[in-house]
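In my numbering, the protein residues as written are 1 to 247. From the three backbone atoms N, C-alpha and C, an ideal C-beta is built for every residue, glycine too. Notes for the one structure printed next.
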């Protein structure tokens with residue numbers, strides 16, 4: 001699969017990750033004890049639970065897009081691995097495993113919930129991943145993206161955040177033309193307060209900034225992508241607390 005991108009290094013194949021994603025509405029989570037914290041989560045233990053920035057309150061309008069978030073929400077678009085997926089970029093679709101642009105593990109160092117996700121760069125010229133939808137989903141009621149990043153490694157100095165859109169015909173089956181590839185629109189994380197200083201930064205990004213670049217929220221094909229050039233293999237970025245709100 002190839003995607004149209006405005007950034008040349010993002011024109012690359014994708015390899016699906018196998019995810020365990022809950023379709024249930026979590027409501028207001030209870031993190032009052034540590035049961036269920038997986039042994040596979042990496043890193044030192046931090047105070048439990050963390051005090052999330054802008055914690056969810058019952059009645060809030062809050063959308064989870066199925067990954068990088070465990071807290072309360074009013075709506076969820078789950079990752080079902082059929083029409084909604086999470087992918088890591090690969091350089092060569094003929095050698096997907098060998099050319100992955102990064103790998104991921106859960107980490108205890110987090111903004112909310114039980115874990116964040118730690119993305120580690122591979123020995124490739126760029127890194128990136130994306131939540132990608134095979135169908136158009138209307139996000140026009142949602143106005144603001146929130147997401148947290150933490151790193152001090154050189155590959156993440158210029159994190160790019162990308163949304164994609166593209167209308168899918170109601171009946172794209174043959175003999176009609178194949179549905180068009182989604183088109184990507186990108187902003188820099190540093191424009192919204194991210195600094196590569198080894199601290200958590202919780203970004204608030206108006207979706208209007210993507211709309212101004214041409215993104216069509218009523219035909220959303222990706223609610224979140226991230227990427228950039230790789231400076232060195234083994235650089236690490238933590239991602240957490242991704243959700244959307246309304247005005």
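Exercise. Decide yes or no for the touch test of the stretch 178-193 against the stretch 107-123: beta carbon pairs closer than 8 Å, at least 3 of them.
Key: These segments do not touch.
Quiz item: Is the stretch 98-109 in contact with the stretch 56-68, if contact means three or more CB pairs nearer than 8 Å?
Solution: A contact is defined here as three or more CB-CB pairs under 8 Å, and the stretch 98-109 fails this definition with respect to the stretch 56-68.
Practice problem: Give the straight-line distance between the Cα atoms of residue 145 and residue 92, rounded to the nearest whole angstrom. | Solution: Rounded to the nearest angstrom, the gap between the Cα atoms of residue 145 and residue 92 is 31 Å.
Self-check item: Of the residues 81, 67 and 63, the one placed nearest residue 74, counting alpha carbons only
Solution: Residue 74 has its Cα closest to that of 63, out of 81, 67 and 63.
Quiz item: Hey, out of 84, 86 and 52, whose CA is closest to residue 70's CA?
Solution: Cα-wise, what sits closest to residue 70 is 52.
Quiz prompt | Backbone secondary structure at residue 155 - three-state DSSP | solution = Residue 155 falls in the helix class under three-state DSSP.
Quiz prompt | Classification of residue 196 by the beta-carbon crowding that lies within 10 angstroms, buried from 16 upward | solution = Flag for residue 196 reads buried.
Exercise. Could you tell me the distance, in whole angstroms, from the CA atom of residue 8 to the CA atom of residue 162?
Key: Residue placement at residue 8 is flagged as unreliable, the pLDDT there being 31, under the threshold of 50; the coordinate-derived value follows with that caveat. Roughly 13 Å between the two C-alpha positions.
Practice problem: Could you have a look at residue 79 and say whether DSSP puts it in helix, strand or coil? | Solution: Three-state result, residue 79: coil.
Quiz item: Quick one, which of 116, 159, 235 and 164 has its alpha-carbon nearest residue 138's?
Solution: Of the listed residues, the one whose Cα sits closest to residue 138 is 164.
Self-check item: Distance between residue 185 and residue 160 (C-alpha atoms, nearest Å)
Solution: Near 10 Å, if we compare the C-alpha coordinates of residue 185 and residue 160.
Exercise. Would you decide whether residue 241 is buried or exposed? Buried here means 16 or more other CB atoms lie within 10 Å of its CB.
Key: Residue 241 comes out buried.
Quiz item: Among 198, 212 and 181, which has the Cα closest to the Cα of residue 187?
Solution: Out of 198, 212 and 181, 212 has the C-alpha closest to the C-alpha of residue 187.
Practice problem: Taking residue 109 as part of the beta strand (DSSP E), name the residues at either end of that continuous run. | Solution: Premise fails: residue 109 is in no beta strand (DSSP E) and is neither H nor E.
Quiz prompt | residue 53 - DSSP class collapsed to helix/strand/coil | solution = Of the three classes helix, strand and coil, the one that applies to residue 53 here is coil, per DSSP.
Quiz item: What residue does the alpha helix (DSSP H) around residue 208 start on, and which one ends it?
Solution: Residue range 208-211 is occupied by the alpha helix (DSSP H) that includes residue 208.
Quiz prompt | Distance between residue 66 and residue 80 (C-alpha atoms, nearest Å) | solution = Going from the Cα of residue 80 to the Cα of residue 66 covers about 9 Å.
Exercise. Could you check if residue 235 is buried or exposed, using at least 16 other CB atoms within 10 Å of its CB as the buried criterion?
Key: Taking a 10 Å sphere around the C-beta of residue 235, we find 16 or more other C-beta atoms and assign the residue as buried.
Practice problem: Could you tell me the distance, in whole angstroms, from the CA atom of residue 120 to the CA atom of residue 88? | Solution: Rounded to the nearest angstrom, the two C-alpha atoms are 11 Å apart.
Quiz prompt | Buried or exposed (CB count within 10 angstroms, at least 16 for buried), residue 83 | solution = By the 10 Å Cβ count, residue 83 comes out exposed.
Quiz item: Hey, how far is the Cα of residue 157 from the Cα of residue 167?
Solution: Rounded to whole angstroms, residue 157 to residue 167 spans 33 Å at the Cα level.
Exercise. Could you spell out where the beta strand (DSSP E) holding residue 93 opens and where it closes?
Key: Per DSSP, residue 93 lies in no beta strand (DSSP E) and is assigned neither H nor E.
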